[in-house]
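K.L.:
Take a look at the structure:
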């Protein structure tokens, strides 16, 4: 079904929305998922001026 989302740790994903442009979370940003939680995902930015910044803080 369309409502099931399967995610894996250490996979690179690309941002599709401007979530927090001051901190580098813009359209096209590449994120590497570091940890999958029940209702959120911890990730770090790769290949950018904000490289290795982890979100959420």
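In the numbering used here, the protein residues as written are 54 to 110.
Beta carbons are placed, not taken as given, at the ideal position from N, Cα and C, and that holds for glycine.
Output yes or no for whether 8 Å exceeds the beta carbon distance between residue 94 and residue 83.
P.N.:
No.
K.L.:
Taking residue 95 as part of the beta strand (DSSP E), name the residues at either end of that continuous run.
P.N.:
Its beta strand (DSSP E) spans residues 94-98.
K.L.:
Between residue 88 and residue 62, is the Cβ-Cβ spacing less than 8 Å?
P.N.:
Yes.
K.L.:
Give me the Cβ distance between residue 97 and residue 60, rounded to the nearest whole Å; I'm assuming they're in contact under 8 Å.
P.N.:
With a Cβ gap of about 15 Å, residue 97 and residue 60 do not count as contacting.
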